[in-house]
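Only one structure is covered here, and it is reproduced in the block below.
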Amino acid sequence: MTSEATTTDPSALIEAAASAPFGTVFGEVMSVAEASDAGWTQPSVVPLTSFTMHPGMHALHYGSSCFEGLKAHRTVDGAITPFRADKHAARLQQSAARLMLPIPPLDLVTQLIDLAIEANGAVTPPAPGSLYLRPTLLGTDVTIGAAAYPSHSAVLYVLACPVGDYLPPRPLTIVVETEVPRTTPQFGVVKTGANYAMALGRIDLARREHHADQVLFAPGGVVQETGAANVVLVDGDHLVTPELTDAFLHGVTRDSLLQVARSLGWTVEERTVTVDEVAAWAARPGAEIGLMGTAAVIAQVGTLVVGDRRIELAAQEPSKLVELRRTLGEIQTGARPFTFA
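Just so you know, we're using the numbering used here here: the sequence shown kicks off at 1356 and counts up by one.
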């Protein structure tokens, strides 16, 4: 196993990442492996550079691409450790299977993640910053006549971005969408770019009409998720979140926070959640609503727009969402022992 040194001063990259938009400053090295009918190649570490790809590549025409997003943290003992890489690797396998892409072995995915961390370790910021990792799988068959056929070849690579503490400067404004789903039912659990693209139109409309940050998709009045995160309702030590279905992504941060909440003695409910319940929750004194995801861990909702109603959530001091976020952060940096199921 070899590492590639970065040519830019690591401290300069870390400093740039602290003030740059999330995911726009990159480590100068990436890990990569390729699949063909002969199987997967051995993983390698290469300088980050532009790809040369055929204009007829399968992923460009037929959407055969998926990805993951996870973080590696500097721990209290000085190590740089990926958070639940095995869980993310398993989800990448699930996405690949749904898209009929070559499925990378779990140990290959985690090895590529480890290689990317080792190669970019010098640009990993101290807590609360981290190294954001983006494993990406693309179908590489060269054909524009294979709409009914999967790609038999693929490339899997892992990008690394030093990132600061991604916490929005203010509570978020969320618009509830009850007519349009975020994605198609069979692809809800697939982390593919098309799912995010499908949400962009409604998010843009919500920004223009309500100065909103995100849209909470709830087709037929049943809550699913926002365009990029799972939703959670908290009131004291009581937590409610929509039960998992194939309609939306099964968040690793969601799973982690629920396990942490249970360990703290909270009552945790995973069940059907309706728009009416979310609206009533937002209006309840002492209640909080948050969005759970890798980037921010938990982002607080300050305004909920439901139809022609604009519901303002009162700020809570102390905030149970902040407590939950802080506890998970201590686990990620090794300051608090915890074993995830």
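Glycine is no exception: its CB is placed at the ideal position from the N, C-alpha and C atoms.
**Request:** Please report how far the alpha carbon of Ser1374 lies from the alpha carbon of Leu1425, in whole angstroms.
**Result:** The count along the sequence shown starts at 1 and reaches residue 1374 at position 19. The count along the sequence shown starts at 1 and reaches residue 1425 at position 70. Approximately 20 Å, taken between the alpha carbons.
**Request:** Provide the residue span of the beta strand (DSSP E) that contains Thr1547, from first to last.
**Result:** Counting from 1 along the sequence shown, the entry for residue 1547 is found at position 192. Here Thr1547 belongs to no beta strand (DSSP E), and DSSP marks it neither H nor E.
**Prompt:** Where Ala1427 and Leu1488 are concerned, what is the direct C-alpha to C-alpha distance, given to the nearest angstrom?
**Reply:** Here the question's residue 1427 lines up with position 72 in the sequence shown. Here the question's residue 1488 lines up with position 133 in the sequence shown. The straight-line gap from Cα to Cα measures roughly 7 Å.
**Prompt:** Would you say the segment 1623-1640 touches the segment 1662-1682, given that touching needs at least three Cβ pairs under 8 Å?
**Reply:** Verdict: yes, contact present.
**Item:** Inter-residue Cα distance where the pair is Gln1671 and Val1677
**Value:** Counted from its first residue, the sequence shown places residue 1671 at position 316. Counted from its first residue, the sequence shown places residue 1677 at position 322. Going from the Cα of Gln1671 to the Cα of Val1677 covers about 10 Å.
**Prompt:** Does the distance from the C-beta atom of Ser1450 to that of Lys1546 stay below 8 Å?
**Reply:** Counting from 1 along the sequence shown, the entry for residue 1450 is found at position 95. Counting from 1 along the sequence shown, the entry for residue 1546 is found at position 191. Result yes, Cβ atoms of Ser1450 and Lys1546 sit closer than 8 Å.
**Request:** Please determine, among His1443, Ala1434, Thr1379, Gly1684, the residue with the shortest C-alpha to C-alpha distance to Cys1421.
**Result:** As a first step, residue 1421 is located in the sequence shown; it is residue number 66 there, counting from the start. Among His1443, Ala1434, Thr1379, Gly1684, the Cα nearest to that of Cys1421 is on His1443.
**Request:** State the DSSP-derived secondary structure class of Met1356, mapped to helix, strand or coil.
**Result:** Here residue 1356 refers to the residue found at position 1 when the sequence shown is read from its first residue. Residue placement at Met1356 is flagged as unreliable, the pLDDT there being 30, under the threshold of 50; the coordinate-derived value follows with that caveat. Correct three-state label for Met1356: coil.
**Message:** Which residue marks the beginning of the beta strand (DSSP E) containing Glu1667, and which one marks its end?
**Reply:** In the sequence shown, the residue the question calls residue 1667 occupies position 312. Going by DSSP, Glu1667 is part of the beta strand (DSSP E) stretching over 1664-1667.
**Message:** Measuring CB atoms only, is the segment 1581-1598 touching the segment 1647-1666, in the sense that at least three cross pairs come out at less than 8 Å?
**Reply:** yes
**CB-CB length for Val1578 against Glu1643, believed under 8 Å** = Numbered from its first residue, the sequence shown carries residue 1578 at position 223. Numbered from its first residue, the sequence shown carries residue 1643 at position 288. Incorrect: roughly 16 Å between the Cβ atoms, too far for contact.
**Through-space distance from Val1623 to Leu1613, alpha-carbon basis** = Along the sequence shown, read from residue 1 onward, the residue named residue 1613 stands at position 258. Along the sequence shown, read from residue 1 onward, the residue named residue 1623 stands at position 268. Those two C-alpha atoms are separated by around 7 Å.
**Where His1413 falls, given that 16 or more other Cβ within 10 Å makes a residue buried** = For the purposes of this step, residue 1413 is taken as the residue at position 58 of the sequence shown. The residue is buried, with at least 16 neighbouring Cβ atoms inside 10 Å.
**Asked** Is the beta carbon of Leu1527 less than 8 Å from the beta carbon of Gly1418?
**Response** Within the sequence shown, the letter at position 172 stands for residue 1527. Within the sequence shown, the letter at position 63 stands for residue 1418. No, the pair does not count as a contact, with Cβ atoms beyond the cut-off.
**Asked** Mind checking whether Ala1554 and Val1660 have CB atoms under 8 Å apart?
**Response** Counted from its first residue, the sequence shown places residue 1554 at position 199. Counted from its first residue, the sequence shown places residue 1660 at position 305. For Ala1554 and Val1660, no; Cβs fall outside 8 Å.
**Message:** Is it buried or exposed, Phe1572, if we count other Cβ atoms within 10 angstroms and call 16 or more buried?
**Reply:** The count along the sequence shown starts at 1 and reaches residue 1572 at position 217. The residue is buried, with at least 16 neighbouring Cβ atoms inside 10 Å.
**Prompt:** What is the C-beta distance between Pro1365 and Val1478, in whole angstroms, given that I count them as a contact (C-beta under 8 Å)?
**Reply:** Locating residue 1365 in the sequence shown gives position 10, where the first residue counts as 1. Locating residue 1478 in the sequence shown gives position 123, where the first residue counts as 1. Rounded, the Cβ-Cβ distance is 5 Å, consistent with contact.
**Request:** Put Arg1446 into one of helix, strand or coil per three-state DSSP.
**Result:** Position 91 of the sequence shown, counted from the first residue, corresponds to residue 1446. Arg1446: helix per DSSP, three-state reduction.
**Prompt:** Residues in its own chain within less than 7 Å of Val1630 by CB, not counting five upstream and five downstream?
**Reply:** Reading the sequence shown from its first residue, position 275 is the one you call residue 1630. So the list reads Val1531, Thr1533, Ala1573, Gly1576, Val1578, Val1661, once near-sequence residues are dropped.
**Message:** Going by C-alpha to C-alpha distance, which of Arg1681, Pro1597, Val1628, Asp1592 sits closest to Gly1641?
**Reply:** Start at 1 with the first residue of the sequence shown, and residue 1641 comes out as number 286. Taking only the C-alpha atoms, the option nearest Gly1641 is Asp1592.
**Asked** Going by the CB atoms, is the gap between Leu1403 and Gly1382 shorter than 8 Å?
**Response** Along the sequence shown, one-based indexing puts residue 1382 at 27. Along the sequence shown, one-based indexing puts residue 1403 at 48. Going by C-beta atoms, Gly1382 is nearer than 8 Å to Leu1403.
**Request:** Let me know the secondary structure DSSP gives Phe1603 once reduced to three states.
**Result:** The sequence position of residue 1603 within the sequence shown is 248, counting from 1. Three-state result, Phe1603: coil.
**Prompt:** Going by Cα to Cα distance, which pick from Ile1686, Val1497, Pro1480, Phe1438 is closest to Leu1619?
**Reply:** For the purposes of this step, residue 1619 is taken as residue 264 along the sequence shown, with counting starting at 1. With distances taken between CA atoms, Leu1619 lies nearest to Ile1686 out of Ile1686, Val1497, Pro1480, Phe1438.
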